[in-house]
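These protein sequences, in sequence, are chains V, A and E. All letters in the first sequence, in the order written, are residues 1 to 204 by the working numbering. All letters in the second sequence, in the order written, are residues 1 to 204 by the working numbering. All letters in the third sequence, in the order written, are residues 1 to 204 by the working numbering. All C-beta atoms, glycine included, are put in the ideal place defined by N, C-alpha and C.
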Amino acid sequence: GTSNLQMDNSTSLLVSTKHHNHMAHQISKTLLSFFLFVLVLSDTVSSVRINLNKPCKHFILHIHNVAYDADNAANATSSTVVNPLGLGTFDFGKIVIFDNPVTTDENFLSEPVARAQGFFFYNKKTTYNTWVACTLVFNSTQHKGTFTIMDANPMTQPTRDLSIIGGTGDFIMTRGVCTFSTDLIQGQKYFRLKMDIKLYECYN
Amino acid sequence: GTSNLQMDNSTSLLVSTKHHNHMAHQISKTLLSFFLFVLVLSDTVSSVRINLNKPCKHFILHIHNVAYDADNAANATSSTVVNPLGLGTFDFGKIVIFDNPVTTDENFLSEPVARAQGFFFYNKKTTYNTWVACTLVFNSTQHKGTFTIMDANPMTQPTRDLSIIGGTGDFIMTRGVCTFSTDLIQGQKYFRLKMDIKLYECYN
Amino acid sequence: GTSNLQMDNSTSLLVSTKHHNHMAHQISKTLLSFFLFVLVLSDTVSSVRINLNKPCKHFILHIHNVAYDADNAANATSSTVVNPLGLGTFDFGKIVIFDNPVTTDENFLSEPVARAQGFFFYNKKTTYNTWVACTLVFNSTQHKGTFTIMDANPMTQPTRDLSIIGGTGDFIMTRGVCTFSTDLIQGQKYFRLKMDIKLYECYN
Numbered sequence: 001g002t003s004n005l006q007m008d009n010s011t012s013l014l015v016s017t018k019h020h021n022h023m024a025h026q027i028s029k030t031l032l033s034f035f036l037f038v039l040v041l042s043d044t045v046s047s048v049r050i051n052l053n054k055p056c057k058h059f060i061l062h063i064h065n066v067a068y069d070a071d072n073a074a075n076a077t078s079s080t081v082v083n084p085l086g087l088g089t090f091d092f093g094k095i096v097i098f099d100n101p102v103t104t105d106e107n108f109l110s111e112p113v114a115r116a117q118g119f120f121f122y123n124k125k126t127t128y129n130t131w132v133a134c135t136l137v138f139n140s141t142q143h144k145g146t147f148t149i150m151d152a153n154p155m156t157q158p159t160r161d162l163s164i165i166g167g168t169g170d171f172i173m174t175r176g177v178c179t180f181s182t183d184l185i186q187g188q189k190y191f192r193l194k195m196d197i198k199l200y201e202c203y204n
Numbered sequence: 001g002t003s004n005l006q007m008d009n010s011t012s013l014l015v016s017t018k019h020h021n022h023m024a025h026q027i028s029k030t031l032l033s034f035f036l037f038v039l040v041l042s043d044t045v046s047s048v049r050i051n052l053n054k055p056c057k058h059f060i061l062h063i064h065n066v067a068y069d070a071d072n073a074a075n076a077t078s079s080t081v082v083n084p085l086g087l088g089t090f091d092f093g094k095i096v097i098f099d100n101p102v103t104t105d106e107n108f109l110s111e112p113v114a115r116a117q118g119f120f121f122y123n124k125k126t127t128y129n130t131w132v133a134c135t136l137v138f139n140s141t142q143h144k145g146t147f148t149i150m151d152a153n154p155m156t157q158p159t160r161d162l163s164i165i166g167g168t169g170d171f172i173m174t175r176g177v178c179t180f181s182t183d184l185i186q187g188q189k190y191f192r193l194k195m196d197i198k199l200y201e202c203y204n
Numbered sequence: 001g002t003s004n005l006q007m008d009n010s011t012s013l014l015v016s017t018k019h020h021n022h023m024a025h026q027i028s029k030t031l032l033s034f035f036l037f038v039l040v041l042s043d044t045v046s047s048v049r050i051n052l053n054k055p056c057k058h059f060i061l062h063i064h065n066v067a068y069d070a071d072n073a074a075n076a077t078s079s080t081v082v083n084p085l086g087l088g089t090f091d092f093g094k095i096v097i098f099d100n101p102v103t104t105d106e107n108f109l110s111e112p113v114a115r116a117q118g119f120f121f122y123n124k125k126t127t128y129n130t131w132v133a134c135t136l137v138f139n140s141t142q143h144k145g146t147f148t149i150m151d152a153n154p155m156t157q158p159t160r161d162l163s164i165i166g167g168t169g170d171f172i173m174t175r176g177v178c179t180f181s182t183d184l185i186q187g188q189k190y191f192r193l194k195m196d197i198k199l200y201e202c203y204n
């Protein structure tokens with residue numbers, strides 16, 4: 001859980017003399033009520049707290065996209081499903097669906113820790129720009145669950161922040177930001193993205 | 001800003017006289033201020049609390065999908081809009097748009113309580129697997145509003161959890177998890193899904 | 001920031017007589033612990049508070065959509081990428097991708113304050129109805145960041161609420177509701193929507 005509030009020392013207070021017994025008793029009861037009340041608020045029911053300076057989870061992953069070119073069915077991990085329509089020269093209207101391997105290092109051949117499933121499309125006349133929806137699907141002994149990234153992806157910029165909008169399993173109800181940077185582009189065939197994932201809302 | 005908490009009275013505290021009356025009075029005022037303060041924090045402004053053991057709303061619905069086959073325009077509730085491209089044999093690239101009736105029981109002919117509007121597509125070479133975005137639209141005397149489900153849907157698994165990422169009206173700002181299970185599949189023509197809906201964040 | 005907690009005077013407390021020194025000292029320690037505890041809860045870690053009666057940000061924008069018709073490549077801001085399939089007469093299955101200018105007034109020629117990037121599709125047999133996913137991308141000296149709107153858009157209704165599900169930069173982790181109303185429709189060529197944007201969760 002996100003909250004491990006320690007209040008060990010703050011309870012053995014209020015040493016009172018005989019004179020003050022009754023009043024101190026009342027006060028201590030009141031304070032105890034407070035403690036319990038605030039604890040109930042904050043811990044059992046998990047009051048939501050966000051600290052943008054300290055993600056509750058932070059990790060880096062790499063996503064590998066091998067585009068289908070009619071000859072590489074065995075290796076392809078994504079494919080164009082709608083072709084660009086010729087509005088400008090930056091692929092406006094092209095839609096790509098993918099099921100990409102996700103690894104902890106940059107090696108395409110490393111054992112994937114997740115799949116990235118989703119789609120993106122090109123939507124600008126004046127430059128290469130995509131809009132992307134992408135769910136990371138974890139299904140290993142270490143992690144089970146999903147979270148979904150969705151945002152504009154102005155891919156000509158060195159880094160771009162995309163929203164993480166929800167999740168399930170180990171990532172139930174999570175939210176945060178994923179910073180994309182392009183590791184490598186090999187023509188139309190292959191690209192690799194670095195994902196710097198910062199979750200600010202965690203319940204597992 | 002969201003919080004304009006005023007704590008005017010909480011400053012003149014704990015001046016004690018030779019009797020305890022004044023001090024006790026001040027302490028009680030302080031404690032009351034605390035109560036009010038915490039209440040303001042937690043209630044009026046609705047401090048967000050999540051209890052994963054106890055959804056704030058929990059209900060089960062069934063979604064009915066009748067695929068358009070060129071001969072059933074009157075009954076069809078969904079249609080393929082982009083055909084699979086032949087990458088593998090599991091419909092990779094096929095996109096389906098739908099406006100499906102949603103009922104409280106399994107009967108297709110029951111009065112719908114909502115429509116499920118959205119799309120899904122197949123995105124795996126090795127098995128049937130979809131990615132889905134689906135908004136439940138309620139527009140009855142009982143419920144008005146929407147919420148949106150979005151996630152990978154590994155449909156060969158008996159149950160799969162999908163994120164609920166937001167809503168409007170009766171479901172404003174809601175979040176949670178929807179567990180899909182396949183009730184029934186009738187070839188390419190019809191399928192029915194059970195949706196076990198657990199909302200953990202509710203404001204209405 | 002969202003929290004402007006003022007507690008300036010709350011430290012110079014606890015003037016006590018000799019009799020009550022110890023007890024008052026203990027009480028003051030306790031109260032200070034409380035203050036610190038509540039401050040930690042509410043301020044540093046930014047306990048999440050939602051007030052549906054008072055958005056943390058509220059503004060109105062206008063989105064302009066110029067449909068591509070093969071002859072207006074210079075002006076077009078959106079294009080059909082998948083044609084309707086003929087299920088009914090309300091464009092079922094038509095998919096549109098856009099990169100639309102967003103202005104603070106209704107004038108198409110005003111300097112855009114953002115771009116609206118995303119897609120929508122028609123999904124009903126019985127009336128014009130769309131489902132939309134749309135990211136507002138701000139990249140000016142005033143605002144940098146994004147937020148994403150996603151929901152059903154029953155466009156024949158005078159107003160409709162759509163979920164705002166997340167954001168980045170100036171709008172990091174934001175959520176809320178965007179009320180669409182149609183300002184103007186000029187045949188198939190142009191439409192303008194008014195967006196009444198209410199953010200209920202803000203961290204910047």
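Self-check item: Distance, glutamine 26 (chain V) Cα to aspartate 170 (chain A) Cα
Solution: 43 Å
Quiz prompt | Within chain V, partners of alanine 152 (chain A) - CB distance below 7 Å | solution = Gln117, Thr135, Val137 and Thr146
Quiz item: Helix, strand or coil: which one does DSSP assign to leucine 184 (chain V)?
Solution: strand
Exercise. Could you name the residues of the same chain whose beta carbon sits closer than 7 Å to that of phenylalanine 92 (chain V), not counting the 5 residues immediately before and after it, in chain order?
Key: Pro84, Leu85, Tyr122, Asn123, Lys124 and Lys125
Self-check item: Three-way DSSP call (helix, strand, coil) for glutamine 26 (chain V) in this model
Solution: helix
Self-check item: Alpha-carbon to alpha-carbon, alanine 133 (chain A) and isoleucine 95 (chain E)
Solution: 15 Å
Self-check item: Closest Cα partner of threonine 156 (chain A) within the set A:Asp196, A:Leu136, A:Gly145 and A:Tyr128
Solution: A:Tyr128
Quiz prompt | Integer-rounded CB distance, given that phenylalanine 147 (chain A) should sit under 8 Å from glycine 166 (chain A) | solution = 7 Å
Self-check item: Cα-Cα separation, valine 82 (chain A) to glutamine 188 (chain A)
Solution: 16 Å
Quiz item: Going straight from the alpha carbon of threonine 168 (chain V) to that of alanine 76 (chain A), what length do you get?
Solution: 31 Å
Quiz item: Just to confirm, are isoleucine 197 (chain V) and phenylalanine 191 (chain V) a CB contact at a threshold of 8 Å?
Solution: no
Quiz item: Roughly how many angstroms separate the alpha carbons of arginine 160 (chain E) and leucine 136 (chain A), rounded to a whole number?
Solution: 14 Å
Quiz item: Any C-beta of chain V sitting closer than 8 Å to the C-beta of glycine 167 (chain E)?
Solution: yes
Quiz prompt | is_contact[serine 140 (chain V), chain A] using C-beta, thresh 8 Å | solution = no
Quiz item: Taking Cβ-Cβ distances shorter than 8 Å, what residues in chain V pair up with asparagine 65 (chain A)?
Solution: Within 8 Å Cβ-Cβ: nothing; asparagine 65 (chain A) doesn't reach chain V, min ~20 Å.
Quiz item: Can isoleucine 50 (chain E) and valine 48 (chain A) be called in contact, C-beta distance under 8 Å?
Solution: yes
Exercise. Compare the Cα-Cα distances from tyrosine 68 (chain V) to each of V:Val113, V:Phe98, V:Lys194 and V:Tyr200 and report the closest residue.
Key: V:Phe98
Quiz item: By a C-beta neighbour count over all protein chains shown, 10 Å radius and 16 as the cutoff for buried, is phenylalanine 120 (chain E) buried or exposed?
Solution: buried
Exercise. In the DSSP assignment, find the beta strand (DSSP E) that holds asparagine 65 (chain A) and state where it starts and stops.
Key: 57-66
Exercise. Report yes if the CB atom of tryptophan 131 (chain A) is closer than 8 Å to the CB atom of glycine 118 (chain V), and no otherwise.
Key: yes
Quiz prompt | Residue burial classification, tyrosine 200 (chain V) (beta-carbon count within 10 angstroms, cutoff 16) | solution = buried
Self-check item: Coil, strand or helix - leucine 199 (chain V) by DSSP
Solution: strand
Practice problem: Under the assumption that asparagine 65 (chain A) contacts serine 79 (chain A) (Cβ atoms under 8 Å), give the Cβ distance between them as a whole number of angstroms. | Solution: Not a contact, Cβ separation roughly 10 Å.
Self-check item: Residue(s) in a DSSP beta bridge with serine 163 (chain A)
Solution: A:Met150 and A:Val177
Exercise. Could you pull the start and end residues of the beta strand (DSSP E) that proline 158 (chain V) belongs to?
Key: Element bounds for proline 158 (chain V): n/a, residue is neither H nor E.
Quiz item: Straight-line CA distance for histidine 62 (chain A) to cysteine 202 (chain V)?
Solution: 30 Å
Self-check item: Span of the beta strand (DSSP E) around tyrosine 128 (chain V)
Solution: Here tyrosine 128 (chain V) belongs to no beta strand (DSSP E), and DSSP marks it neither H nor E.
Quiz item: Can you list, in chain order, the residues of the segment 84-99 of chain A whose Cβ is nearer than 7 Å to any Cβ on chain E?
Solution: Ile97, Phe98 and Asp99
Quiz item: For proline 55 (chain E), which of E:Ala116, E:Ile164 and E:Thr104 has the nearest alpha-carbon?
Solution: E:Ile164
Exercise. Compute the Euclidean distance between the alpha carbons of proline 112 (chain E) and glycine 145 (chain E), then round it to the nearest angstrom.
Key: 15 Å
Exercise. Using the Cα positions of serine 42 (chain E) and serine 33 (chain A), report the straight-line distance between them to the nearest angstrom.
Key: Unreliable placement is indicated for serine 42 (chain E), whose pLDDT of 48 sits below 50; the coordinate value is still reported in the next sentence. Looking at the two C-alpha atoms, the distance is approximately 16 Å.
Self-check item: Exposed unless 16 or more other CB atoms sit within 10 angstroms - verdict on serine 181 (chain A)
Solution: exposed
Practice problem: Taking all protein chains shown into account, decide if asparagine 153 (chain V) is buried (16 or more other Cβ within 10 angstroms of its Cβ) or exposed. | Solution: buried
Quiz item: How is the beta strand (DSSP E) around serine 79 (chain V) delimited, first residue to last?
Solution: 78-82
Self-check item: Beta bridge counterpart(s) of lysine 194 (chain A) as assigned by DSSP
Solution: A:His62 and A:Ser181
Self-check item: Close Cβ partners of glutamine 142 (chain E) (< 7 Å) along its chain, the five nearest in sequence each way excluded
Solution: none
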